[in-house]
Every structure is written in C-alpha cells, then in structure tokens.
Amino acid sequence: MLTVDEAASWLLSRADAVTETETVSLLEACGRVLAVPVVATLDVPPHDNSAMDGYALRVADFGQPLPVSQRIPAGHVPDALQPGSVARIFTGAPIPAGADAVVMQEQCEVLEDGRVAIQKAPVGGQNIRRAGEDIANGQTVLATGQRLSTADIGLLASLGIAEVTVVRPLRVAVFFTGDELVEPGLPLGPGQIYNSNRYWLVPALMQLGCEVSDLGIIPDELQATREALRDAADFADVIMTCGGVSVGEEDHVKAAVEAEGALDLWKIAIKPGKPLASGKVGGADFIGLPGNPVSGFVTFAVLVKAFLQRRAGVADAAGATTVRYPAAFDWTRPDAKRVEFLRVRRVVRDGQTVLERYPNQGSGVLTSCAWADGLVRLAPGQAVAAGDLVDFIALEF
Ligand code: AMP
Ligand code: MG
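Numbering of the sequence shown is given in our numbering, commencing with residue 99 and proceeding in unit increments.
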C-alpha cells in the first residue's frame with residue numbers, strides 16, 4: 099500500500115505538462131494557463147495623473163487665492179502650469195508640467211472673482227498617481243504556468259495586450275462503468291441507480307479548464323471496456339474512469355487497462371477511496387477513480403486534481419493546502435492504517451471558525467460532499483476530541 103503523500107508525489111512526478119500552445123484573445127483567456135511570461139512594454143499608468151477632481155498647483159504658490167489658468171479633463175493634454183496659478187483638473191487627467199500637488203475640490207473655495215482659495219496647505223505629491231506606480235515598463239507581470247484570473251486579464255488589458263499565448267487545454271476523456279447505472283432523466287429500473295459521478299466529475303474537469311470527451315456509461319464487460327479505452331486514447335491526454343477498479347469479477351477496468359496498456363499503481367492507504375488505478379493507454383495517462391461517489395470525490399480532491407493541473411501546465415499545482423481549525427466534533431474510532439478524510443463544514447461560533455462534521459461519513463453518502471465545504475485530514479490512528487486543532491482542506495470545485 100502507498101501512503102497518500104507517496105501517491106500524490108508519484109502522480110505529480112509523472113504529470114508531464116502539455117507543451118503545445120495557442121494564441122487567444124483576452125476575452126477568451128480567463129482560466130487559461132500562460133505559456134510565456136508577460137513583460138510590460140509601458141508604464142501603468144502611462145503618465146502622472148490626478149487621483150481627484152480638484153486643482154493642480156505648485157505647493158510653493160500656496161497662500162493667496164490663485165487664478166485658474168487652464169482646465170484639464172481626463173484624456174486631454176495639458177499645457178505647462180503658469181506660475182502663480184492653479185489648473186482645474188479631473189480624476190485621471192495628466193498632471194501639467196510644473197504642478198506638484200492636487201488639492202481635492204472639497205478643500206477649495208471658488209471666489210466671486212473666479213480665483214480659488216485653498217483651505218488646507220498641500221503636501222508635495224498629494225493626490226498624484228505617478229507614472230509606472232502600478233506596473234513599471236520592463237517588469238515581468240505574469241509568469242509562465244500561471245492560470246489567468248479575471249483580475250489578471252484586466253491587468254493584461256491595462257498593458258495594451260490584446261492576445262496571449264496559452265497552453266492548449268488538457269484533453270480528458272471520461273467514462274463510467276457499471277451495469278447498474280442510468281442517466282438522470284430516464285426512469286430507474288429495479289436494481290439501478292443514477293450515474294451521479296458523471297455530474298460532479300465532468301463539471302469539475304471543465305472548471306479546471308479541461309476539454310472533456312464524455313463517453314458516458316460503459317457496461318461491465320471486458321471487451322466494451324477495452325474498446326472504450328481505445329476510443330478514449332485517440333483523443334485524450336488523460337483517460338479517467340469511475341468504478342470497476344476493485345478486484346471483483348464484475349470489475350473489468352484493471353484487466354482492460356493491462357490489456358491495452360500498463361497499470362502502475364493500485365492501493366493507497368486512504369479512506370474513503372482505497373482503490374485508485376493509474377497507468378498508461380497508448381499515449382494517454384490513465385486514472386481510474388473508485389466507483390463509490392464519495393470515494394471518487396475525495397480521491398479527486400486530494401490526489402487527482404493537482405495531477406491534472408500540473409498536466410495542464412499550471413506551475414504551482416502542489417496539491418491541497420491545509421489550514422488548521424478547531425474541531426467542533428469528536429471522532430473516536432480512527433482508521434489505524436489509512437489517512438482519513440472527513441467531510442466537514444466551517445461555521446462561526448462565538449466569533450471563532452470551527453469545523454462541524456457531517457454525521458454520516460459513509461463512502462456512498464454523496465450528501466456529505468454536497469453539505470461539506472472541506473475535508474479534515476486525519477493521520478492513521480488520529481482520534482479527535484472537540485477543541486482539537488485539525489488539518490482542513492477547502493473543497494474548491
Ligand atoms: P465499483 O467500484 O464499480 O465496484 O462501484 C462501487 C460502488 O459505487 C457501487 O455501489 C456502484 O454502484 C457505485 N457506483 C459506481 N459508479 C457509479 C456512478 N457513476 N455513479 C454512482 N454510483 C456509482
Ligand atoms: Mg462497478
């Protein structure tokens with residue numbers, strides 16, 4: 099048996115990032131992974147500008163009321179400031195040469211003769227946003243392997259960049275094994291259950307930015323499973339399956355992967371979710387999640403997600419980060435050999451964030467995952483009493 103950490107680093111060490119790139123326009127770039135660093139070719143802001151609606155002046159001229167020598171709206175080019183005067187200026191407008199402060203209009207009084215009386219002594223540089231104070235020309239703004247957020251896209255636009263070179267999406271083929279499975283929307287026959295795994299896994303993959311090929315339900319037959327693997331391998335960088343990875347007579351995924359490729363990894367000391375299969379089929383990586391929805395969900399969260407992110411070119415896909423919170427629950431019968439992941443939720447009690455546990459931690463109880471906002475990671479043999487600090491991993495898909 100591999101430990102969870104061994105399995106995680108084993109998977110990450112085999113995650114070869116996609117190297118092919120494509121160029122996309124900014125509005126298509128959110129969530130994509132940068133393939134080249136972005137270096138600023140201008141200052142942002144490009145010129146010193148006013149942070150306020152008010153009056154630009156030379157601090158040395160402060161004292162007597164001053165005449166207004168020009169008006170500078172945003173987007174207009176000012177003249178140099180005439181000595182002994184102020185310039186009416188608006189937020190974002192360029193600072194005229196010679197001015198070294200802006201006084202907000204609330205601190206100014208316009209006299210009947212049109213001159214402006216400034217009520218408070220200005221300080222040099224006040225209310226001036228300096229050229230390059232956000233980004234300096236030549237600065238590396240975003241690094242290779244960064245997944246672009248909405249704010250990143252705004253930043254790129256502020257640099258005048260219209261398109262970016264990104265890693266092409268990771269192609270993931272999925273299928274779901276089990277003669278008992280039926281798609282939602284169809285009537286449920288005797289002995290059947292709905293294919294719930296498809297409906298958290300496919301969106302989770304899409305949220306990670308994967309291009310998903312969904313082959314649907316494959317019956318519990320060796321030939322059908324082998325054919326599905328071959329079809330999947332034609333398209334995919336990674337093939338993912340759910341179910342059929344135990345060693346029961348109706349579990350054909352293991353044998354099918356061995357026949358079509360190679361299977362590398364078998365049992366992991368994780369609860370829920372012991373069987374996780376990993377291997378190769380043709381040029382594609384193979385990941386076989388356990389069929390129990392909770393086992394699959396937890397395994398995906400703590401092991402597979404980081405593998406897929408790194409495979410998709412994300413540079414800092416280091417796996418789940420843990421934060422410590424006090425438990426508001428007891429856990430008296432820990433698993434002696436396996437790392438255990440409990441479905442929990444953060445709640446604020448008496449001003450403090452504590453963790454509540456879903457009552458039924460069974461590996462078939464998907465309600466626990468829907469209810470939870472995270473997992474508590476327990477070491478083998480680790481019992482919990484209310485008040486103990488425990489490791490929490492947020493669920494972000
Ligand atoms: P298996 O790994 O195929 O033995 O499946 C383990 C358990 O998970 C069984 O109770 C299956 O019915 C259930 N299961 C397998 N695949 C799915 C799925 N796609 N959706 C919901 N339950 C599933
Ligand atoms: Mg099955």
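Heads up, the beta-carbon is just placed ideally off N, CA and C, and yes, glycines get one too.
Could you name the residues of the same chain whose beta carbon sits closer than 7 angstroms to that of residue i, not counting the 5 residues immediately before and after it, in chain order?
i	result
A470	R441, V442, R443, Y456, L493
A481	W429, T430, P432
E454	A426, F427, V442, R443, V445
V310	V270, V272, V300, L303, M304
A178	P194, A195, G196
L240	L132, P135, V136, D250
According to the neighbour-count rule (16 or more other Cβ atoms, all chains shown, within 10 Å of its Cβ), is residue i buried or exposed?
i	result
M99	exposed
K403	buried
A484	exposed
W231	According to the sequence shown, residue 231 is Glu rather than Trp. E231 comes out exposed.
K369	buried
T139	exposed
P285	exposed
A434	exposed
K372	buried
V260	In the sequence as presented, Val is not what sits at residue 260; that position holds Ala. With fewer than 16 other Cβ atoms within 10 Å, it is exposed.
S111	exposed
R447	exposed
L487	exposed
L125	exposed
H350	buried
DSSP beta-bridge partners for residue i?
i	result
C206	I216
L69	Here the chain has residues from 99 to 495 only, and residue 69 is not among them.
M304	Answer by DSSP bridge pairing: none, since M304 is not bridged.
D489	R422, R475
A271	S311, I337
T121	T263
Y153	R186, V201
T451	V446
K365	P373
Give me the Cα-Cα distance between residue i and residue j, rounded to the nearest whole angstrom.
i	j	result
L406	N390	21 angstroms
A113	G377	12 angstroms
Q305	P267	12 angstroms
V463	V396	12 angstroms
G380	Q321	17 angstroms
P176	R186	11 angstroms
S247	I233	18 angstroms
R408	C308	12 angstroms
A367	A477	10 angstroms
Q513	D332	The structure shown does not extend to residue 513, since the chain is modelled only from 99 to 495, so the question has no answer here.
A127	A255	11 angstroms
I226	A415	40 angstroms
Do we get a CB-CB distance below 8 angstroms when we pair residue i with the residues of chain D?
i	result
P373	The structure shown contains no chain D; it holds only a single protein chain.
Below 6 angstroms CB to CB, which residues in the same chain sit around residue i once its five sequence neighbours on both sides are set aside?
i	result
F53	Look at the range of the chain in this structure, 99 to 495, and you will see that residue 53 is not part of it.
E348	D318
L387	C340, G394, T397
L473	F439, I491
L257	A138
I291	E278
Ordered along the chain, which non-local residues of its own chain (more than five positions away) have a Cβ less than 8 angstroms from that of residue i?
i	result
L313	A271, V272, F273, A326, D329, A330
Inset, instruction - Check each residue's C-beta against every heavy atom of ligand 3 and list, in chain order, those closer than 7 angstroms. - result: Among the ligands modelled here, namely ligand 1 and ligand 2, ligand 3 does not occur.
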